[in-house]
Every structure is written in C-alpha cells, then in structure tokens.
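Chemist: Starting off with a structure, shown below.
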Amino acid sequence: MAQIIGGITTSHVPSIGGAIARGLQNDPYWKPFFDGFVPVRKWLAETKPDIAVVFYNDHGLNFFLDKMPTFAIGAAPSYRNADEGWGIPTLKPLPGYPPLSWHMIESLVEEEFDLVTCQEMLVDHACSLPMALLWPDQNWPVKVIPVCINTVQAPLPSARRCYKLGQAVARAVQSWPGDEKVVMIGTGGLSHQLDGERAGFINKPFDLAFMRSLIDDPTWATKFSTHELVEQAGTQGIELLMWLATRAALPGRVSQLHTNYHIPISNTAAGLMLMDNQA
Ligand code: DHB
Ligand code: FE
Numbered sequence: 240m241a242q243i244i245g246g247i248t249t250s251h252v253p254s255i256g257g258a259i260a261r262g263l264q265n266d267p268y269w270k271p272f273f274d275g276f277v278p279v280r281k282w283l284a285e286t287k288p289d290i291a292v293v294f295y296n297d298h299g300l301n302f303f304l305d306k307m308p309t310f311a312i313g314a315a316p317s318y319r320n321a322d323e324g325w326g327i328p329t330l331k332p333l334p335g336y337p338p339l340s341w342h343m344i345e346s347l348v349e350e351e352f353d354l355v356t357c358q359e360m361l362v363d364h365a366c367s368l369p370m371a372l373l374w375p376d377q378n379w380p381v382k383v384i385p386v387c388i389n390t391v392q393a394p395l396p397s398a399r400r401c402y403k404l405g406q407a408v409a410r411a412v413q414s415w416p417g418d419e420k421v422v423m424i425g426t427g428g429l430s431h432q433l434d435g436e437r438a439g440f441i442n443k444p445f446d447l448a449f450m451r452s453l454i455d456d457p458t459w460a461t462k463f464s465t466h467e468l469v470e471q472a473g474t475q476g477i478e479l480l481m482w483l484a485t486r487a488a489l490p491g492r493v494s495q496l497h498t499n500y501h502i503p504i505s506n507t508a509a510g511l512m513l514m515d516n517q518a
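Residue numbers in the sequence shown follow the numbering used here, run continuously in steps of one, and reach 518 at the last position.
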C-alpha cells in the first residue's frame, strides 16, 4: 500500500519564477519568502517521497472559459510547462505516472467524482513554480499526478466538495498496491484579489485562522459558502480550496512541522505549511 507521508501547501505567484530566474532569493523583498522553504526542502531530502499529488488551479493556460472542468486529473507521461507570458522561463517537463493516475481515476469515478481525464495536460505557474521552490535544482525526484480544481469560472466547487475530493484522493492513493511514498502538495491562496474595486485586498486574520484550522479543526473552512470565502479571502484567495483538499488528503494523525506567512508577494499573502501525516 502506498504511504501518504505528509502535505505541503504554498501560495503561487508568477513573479516567483522571475525571481528564481534572476537569482533574487536573498534580495530583501524576496528573502522572507524563499527562506520559508528551507525546512521544507530539508524534510523532503530526509523523507524522499517518490510521488507528488499536486492540487492546483489552472489560470486559463490548459483550460479556457469555453471548456472549464470543475475537477480534472492528469494521466500523462509528462507535463510540459508552456510559456504563459509574464517573462517566466519554462521549466523542464514534470514526469507523470500514468499507472497511478489511472488507478486514481478508477477509484475516484467509482466514488462518484467524475473528473476530466487528461492524457495531455499543460501546467502553469501554479504547478511548476511550487515544484521549483521545493526542488530548486529542478531535477525532479518525484513523479507527479496533477489534480486541477476550477477557481476561474463560476460556479466553483464548494469547500465541502473539495474536502471530500481530498478524502477520496487519499483513499485512491492508499488502495494503490505499490509501496511508494506520496506527498500531497496544494498550491494557491492565501488571501488576494487581482481585480475589481477590492484589488490588492488581503486579510491576514482570516489567513492565519485558516492555517491554524488545518491542524486544529480541519473542516472549519467547509462551513463557508464560496461567496463567503471570496468575501474573506478575495476573488483569487478562493485558491485556498487547494489547501483544503490537500489537508483532507492526509488521513492519519496530522501535525504541523513548519509554517511561514509573508505579506506581500506581488498582490498575494504568501503562506506555507508543512504537515506530517502519521498512520
Ligand atoms: C498573482 C497571484 C496569483 O495567484 C496568480 O495566479 C497570479 C498573480 C499575484 O499576486 O500577482
Ligand atoms: Fe493563482
């Protein structure tokens, strides 16, 4: 049985890619953000996961408004990081693992999560940059299963539904007969709003309460409607749904190993958590 060893949740912002390309990790603007990843990289070097399930939200690169799945999953042998503008360099393709993808698809569809199955899938900054933050040499030591949740076009899946998806993903992984170690990764949030009258909106008390809830009361955020979450976290802050799915995909005894929170990176409150999952 595959073993779920823990979860990592982080914000994503395209300008992180520019900072990496220009070597700005120790620049005063960037240092408090990049330094947060040092303990997480140490944990990854010690625990050596074989597989990463990455919950992320596409921003219009692979899916556009004409065809927008609520949930999608990759079943490709590799995932290319296409040029999405912003001046960020593309990264080496992420290796996939179709046998596990298809096992997860079988299990999830059986559990009535009818995801769109993608045998080709481009990934954007939400998937590629967290990988580059976690493995800066970009020699990916894990195979990747991307799970995409729509946060772009209404209606969005509820927090409750995303929590259930995470739980179902955990069951799918745990029923895989291989003995691989699996890390759950979720990228998005925390509070930010890029458009409209509230552009620049950040809500630190809510972010900190949300982060705490993942350890103390993991279903806390599921009591909010999508509108309430947007009110609290901003139109793009709703990306916190990736954190919720990731936490729900940790089925054991969960403890917090590391956390970082820094305002702002671009327009975003940048959060980071490392959670241990003990059987
Ligand atoms: C920013 C944040 C995002 O989540 C994103 O996808 C794009 C841009 C930002 O803060 O600039
Ligand atoms: Fe985003």
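Virtual Cβ for every residue (Gly too), placed ideally from N, Cα, C.
Kindly indicate which three-state DSSP category Thr426 falls into: helix, strand or coil?
Modeler: Thr426 falls in the strand class under three-state DSSP.
Chemist: Classify Trp325 as buried or exposed, calling it buried when 16 or more other Cβ atoms lie within 10 Å of its own Cβ.
Modeler: So Trp325 counts as exposed.
Chemist: Going by the C-beta, is Thr390 closer than 6 Å to any heavy atom of the ligand DHB?
Modeler: Not under cutoff, so the answer is no.
Chemist: Does the beta carbon of Asn506 fall short of 6 Å from some heavy atom of the ligand DHB?
Modeler: Because some heavy atom of the ligand DHB lies under 6 Å away, the Cβ of Asn506 counts as near it: yes.
Chemist: Under the rule that 16 or more other beta-carbon atoms within 10 Å means buried, what is Glu359, buried or exposed?
Modeler: Per the 10 Å Cβ criterion, exposed.
Chemist: List the residues that DSSP assigns as beta-bridge partners of Ser317.
Modeler: Looking at the DSSP assignment, Ser317 forms a beta bridge with Pro334.
Chemist: Over what stretch of residues does the beta strand (DSSP E) that includes Met370 continue unbroken?
Modeler: Where Met370 is concerned, there is no enclosing beta strand (DSSP E), although the alpha helix (DSSP H) it sits in stretches over His364 to Leu373.
Chemist: Taking three-plus beta-carbon pairs below 8 Å as touching, is the region 433 to 453 in contact with the region 360 to 373?
Modeler: At 8 Å Cβ cutoff, the stretches do not touch.
Chemist: Looking at C-alpha atoms only, which residue of Ala393, Asn265 and Val422 is the closest neighbour of Gln242?
Modeler: Closest by alpha carbon: Val422.
Chemist: Sort out for me which residues DSSP pairs Asn516 with in a bridge.
Modeler: Asn516 is bridged to Val493.
Chemist: Opposite Lys420 in the DSSP bridges: which residues?
Modeler: According to DSSP, Lys420 bridges with Gln242.
Chemist: Please state the DSSP three-state secondary structure of Thr461.
Modeler: Helix at Thr461.
Chemist: Tell me which same chain residues have a C-beta within less than 7 Å of the C-beta of Arg280, skipping the five on either side of it?
Modeler: Here the set comprises Leu373.
Chemist: Taking all protein chains shown into account, decide if Thr485 is buried (16 or more other Cβ within 10 angstroms of its Cβ) or exposed.
Modeler: Classification for Thr485: buried.
Chemist: Going by alpha carbons, who is nearest to Gln432 out of Gly476, Thr465, Glu285 and Asp515?
Modeler: Minimum Cα distance to Gln432 is reached at Gly476.
Chemist: Just to confirm the assignment, what range does the beta strand (DSSP E) spanning Val391 have?
Modeler: Unbroken run through Val391: none, as it is neither H nor E.
Chemist: With DSSP as the reference, identify every bridge partner of Thr356, one or two as the case may be.
Modeler: Ile312, per the DSSP bridge assignment.
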